[in-house]
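Residue numbers (this note's numbering), protein chains in the order written: chain A, 4 to 398; chain B, 4 to 398.
Each residue gets a CB set at the ideal place from its N, CA and C atoms; glycine is no exception.
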């Protein structure tokens with residue numbers, strides 16, 4: 004049979020990261036290409052204890068069908084917690100528990116995007132989101148990144164000239180892949196521009212709690228008195244990604260459409276894991292847990308910075324990153340990025356080519372992404388050393 | 004801000020079943036409207052034991068990111084199991100683990116349906132699937148059900164006259180909501196017609212293992228030598244729906260597109276639950292567990308049949324149902340179905356109006372759906388008695 008696919012999937016390709024994961028899964032390779040939390044960052048004992056008690060006392064709660072909106076106690080707690088700790092959420096907002104933050108991107112896109120409409124995003128940006136926007140046949144317009152976030156002049160120009168812009172997608176904290184954090188001034192400017200041009204903002208904040216230096220900045224959603232921001236938060240980086248629990252906080256009318264889409268997509272999010280997240284947040288010291296995570300990653304980041312100074316400088320440079328899981332590295336002029344990534348693969352080190360994060364893979368790109376959360380200290384040390392050998396052989 | 008939604012969600016409404024669930028969640032109501040497994044049907048102790056061991060020995064496996072395709076050991080085991088027990092799967096097929104079977108419907112629709120293309124379905128059919136097809140702006144064409152399944156003359160006529168038919172959606176075993184099982188002859192005819200008119204079949208089989216009378220019939224997928232059937236299987240009715248683990252088996256080219264869509268939708272299915280399903284199937288006597296489920300539901304079905312004979316006959320009639328979780332009941336001429344459902348709600352009994360399962364809610368419908376798996380024996384007894392009072396008051 005000749006299969007006839009929908010127009011929307013004809014151009015979709017498996018994510019380049021996922022393809023590189025296939026090498027990364029081979030234990031003879033050193034993977035600096037993932038975005039996985041460090042194994043030691045999981046509160047495994049606590050989750051095991053909560054789970055054992057849940058399955059002894061209330062197994063039906065964990066095993067039976069639940070409601071699309073999410074576990075009521077988790078929704079209530081998160082609503083209160085996000086309001087108190089980050090000033091997120093107003094009377095006009097609602098919360099929806101999702102199967103990972105990726106589902107927030109998908110449900111929001113499905114609810115608002117018509118074919119051919121425009122999404123403005125950072126260039127580079129998270130490939131999983133870009134591919135999802137593409138699956139609704141959106142036109143992607145990438146805005147260059149300054150060291151303090153999206154270039155707001157270029158953004159305003161795009162808002163003036165592009166037709167049918169539906170929303171602006173941003174990861175303001177320790178952006179994936181660039182590691183860049185948007186300044187407070189730019190956050191305010193972005194909000195003003197969105198309001199002025201009547202487009203929504205999709206604020207994706209998976210790394211917000213993982214700051215290792217400097218002061219935390221308010222989220223864009225915290226300014227939102229007009230109901231123009233859809234905020235995506237996630238437990239993937241702070242509890243466990245394997246459980247796939249995240250949430251959207253945004254205007255009720257939009258959350259309602261997203262909920263109807265979720266009914267048709269997976270009915271509800273795994274309820275066992277929702278209960279675990281709720282109880283971990285409320286029965287344990289969540290702040291102390293976050294402190295512990297930051298301590299683990301601060302050490303890893305310091306190790307990476309030292310290794311990069313030793314092996315990659317001065318040929319390879321990197322953008323400042325005060326948090327998150329990634330370093331964004333730039334190759335010197337005259338070195339072809341894809342050739343570098345390929346030669347590193349030959350030495351059995353995987354990094355992600357920067358083109359994977361662009362709105363068009365054919366644009367020129369001098370950068371690649373290093374993840375420092377997943378590898379062990381030994382792997383990171385060996386991997387950066389091999390990247391150093393690679394660049395020196397190419398110069 | 005005035006929110007501008009996509010055309011695809013403008014017409015979507017929350018499922019009528021989900022709306023009725025709101026009453027059903029009120030403990031002062033007797034809910035015969037759900038589709039939940041009986042609480043006593045969950046292998047809670049076994050899952051608790053597997054989970055405890057997993058979290059002690061391999062917590063990282065349960066908590067870390069996993070691959071989109073699904074847990075490799077579960078995929079391998081299911082491939083072998085479905086081949087051996089049901090002759091499902093050929094060389095050209097592949098398997099994808101999904102977040103519930105609802106996600107199979109969604110990923111398949113997203114991969115093959117363009118706006119305005121046609122899906123042929125049974126009338127009535129499962130509302131969750133119909134709403135999902137609607138969300139891709141499909142045209143739904145309902146084929147009337149005979150006591151032995153879809154009317155194949157009407158089906159062939161639709162295949163001849165409808166434009167751009169992409170697939171036929173069927174639940175051949177103990178269909179939701181009608182309880183009807185498609186005869187072997189009709190399964191073969193349906194397959195031949197799909198092949199002749201070059202459309203795919205989406206075979207949804209959540210209840211196949213729940214047969215209480217008669218001989219099991221082969222699935223349509225078991226005939227598939229041409230790669231035209233996408234099969235959806237699920238653990239929701241045989242292990243736990245709260246864990247949201249199901250699977251699609253179908254032609255590799257289609258599974259590949261669905262996998263790319265899943266990357267953008269939820270990255271992967273909850274891995275902790277995937278491991279639990281795999282270990283429950285392989286470390287325990289899965290056949291004995293299924294026998295136990297059938298014993299639980301056979302008793303409930305017998306109770307329901309007796310109660311319907313006593314309280315509903317002869318005014319209300321029902322279609323034969325040899326398995327599954329539902330009875331499909333017809334009201335006598337002259338009784339308005341929505342009025343009946345409303346009057347039953349006033350007596351604090353929830354059933355689902357049959358119109359919820361039609362391709363158009365405005366079509367006439369004399370039927371409502373009763374679920375017998377979720378209520379306790381006491382609730383079922385009281386509920387059917389109250390439905391009997393309702394109908395006698397209306398005659």
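*Measure the beta-carbon distance from residue 28 of chain B to residue 107 of chain B and round it to whole angstroms, keeping in mind my assumption that it falls under 8 Å.*
27 Å between Cβ atoms; not a contact.
*When the Cα of residue 84 of chain B is compared with those of B:216, B:346, B:290, which residue comes out closest?*
B:290
*Step through the CB atoms of chain B and report whether any lies within less than 9 Å of the CB of residue 45 of chain A.*
yes
*On the three-pair Cβ rule with 8 Å, is the stretch 311-330 of chain B touching the stretch 275-287 of chain B?*
no
*Return the Cβ separation of residue 215 of chain A and residue 176 of chain A in integer angstroms, given the expectation that the two are a contact with Cβ distance under 8 Å.*
Rounded, the Cβ-Cβ distance is 12 Å, inconsistent with contact.
_Mapping the DSSP letters down to three states, classify residue 134 of chain B as helix, strand or coil._
helix
*Mind checking who residue 212 of chain B pairs with in its DSSP beta bridge?*
DSSP, once it has assigned bridges, lists no residue as partnering residue 212 of chain B.
_By DSSP's criteria, residue 275 of chain A is part of a beta bridge. Which residues make up the other side?_
None, per the DSSP bridge assignment.
*Have a look at A:66, A:60, A:98, A:7 and flag the residue whose alpha-carbon is nearest the alpha-carbon of residue 259 of chain A.*
A:98
*Is the shortest distance between the beta-carbon of residue 64 of chain A and the beta-carbons of chain B less than 9 Å?*
yes
*To the nearest angstrom, report how far apart residue 398 of chain A and residue 391 of chain A are at their CA atoms.*
11 Å
*Minimum Cβ-Cβ distance from residue 231 of chain B to chain A less than 9 Å*: yes
*Could you tell me the distance, in whole angstroms, from the CA atom of residue 271 of chain A to the CA atom of residue 117 of chain B?*
26 Å
*Report the neighbours of residue 165 of chain A on chain B: residues whose CB is nearer than 9 Å to its CB, in chain order.*
Those within 9 Å of residue 165 of chain A in chain B number zero; the least Cβ separation is about 15 Å.
*Roughly how far, in whole angstroms, is the beta-carbon of residue 250 of chain B from the beta-carbon of residue 81 of chain B, given that I think they are within contact range, below 8 Å?*
6 Å
*Kindly indicate which three-state DSSP category residue 223 of chain B falls into: helix, strand or coil?*
coil
_Proximity to residue 302 of chain A [Cα-Cα], best of A:35, A:375, A:78_ = A:375
*Spell out whether any CB of chain D is found under 9 Å from the CB atom of residue 260 of chain A.*
The structure shown has no chain D; the protein chains it does contain are A and B.
*Is any beta-carbon of chain B found at less than 9 Å from that of residue 138 of chain A?*
yes
*Give the straight-line distance between the Cα atoms of residue 103 of chain B and residue 244 of chain B, rounded to the nearest whole angstrom.*
8 Å
_Is the separation between the beta-carbon of residue 265 of chain A and that of residue 33 of chain A shorter than 9 Å?_
no
*Expressed to the nearest angstrom, what Euclidean distance is found between the alpha-carbon atoms of residue 371 of chain B and residue 344 of chain B?*
8 Å
_According to DSSP, residue 149 of chain A sits in a beta bridge with which residue or residues?_
A:152
*Which chain A residues sit within Cβ distance under 8 Å of residue 50 of chain B?*
58, 62, 66
*Contacts that residue 1 of chain A makes with chain B (C-beta to C-beta distance below 9 Å)*: Only positions 4 to 398 of chain A appear in this structure, which leaves residue 1 of chain A out of reach.
*asked:* Ignoring anything shorter than 3 residues, give me the beta strand (DSSP E) runs that lie fully in the stretch 229-282 of chain A, in order along the chain.
replied: 232-237, 249-254
*Along chain A, which residues have their Cβ under 7 Å away from the Cβ of residue 109 of chain B?*
267, 268
*Select from the stretch 281-306 of chain B all residues with a C-beta closer than 7 Å to any C-beta belonging to chain A, and list them in chain order.*
none
_CB of residue 355 of chain A within 9 Å of CB of residue 150 of chain A, strictly_ = no
*Please list the partners that residue 8 of chain B has in chain A, where partner means a Cβ-to-Cβ separation under 7 Å.*
114, 115, 260
*Could you tell me whether the stretch 88-95 of chain B touches the stretch 216-231 of chain B, where touching means 3 or more Cβ pairs closer than 8 Å?*
yes
*Under a Cβ-count criterion, where at least 16 other Cβ atoms within 10 Å of its own Cβ denotes burial, should residue 59 of chain B be classed as buried or exposed?*
exposed
*So residue 115 of chain B is in the alpha helix (DSSP H); what residue range does that whole segment cover?*
104-115
*asked:* Between residue 389 of chain B and the ligand GDP, is there a pair consisting of the residue's CB and a ligand heavy atom that are separated by less than 8 Å?
replied: No copy of the ligand GDP appears in this structure; indeed no ligand is present at all.
*Confirm, please, whether the CB-CB distance from residue 279 of chain B to residue 76 of chain B is below 9 Å.*
no
_Residue-level contact to chain B via CB, residue 353 of chain A, 9 Å cutoff_ = no
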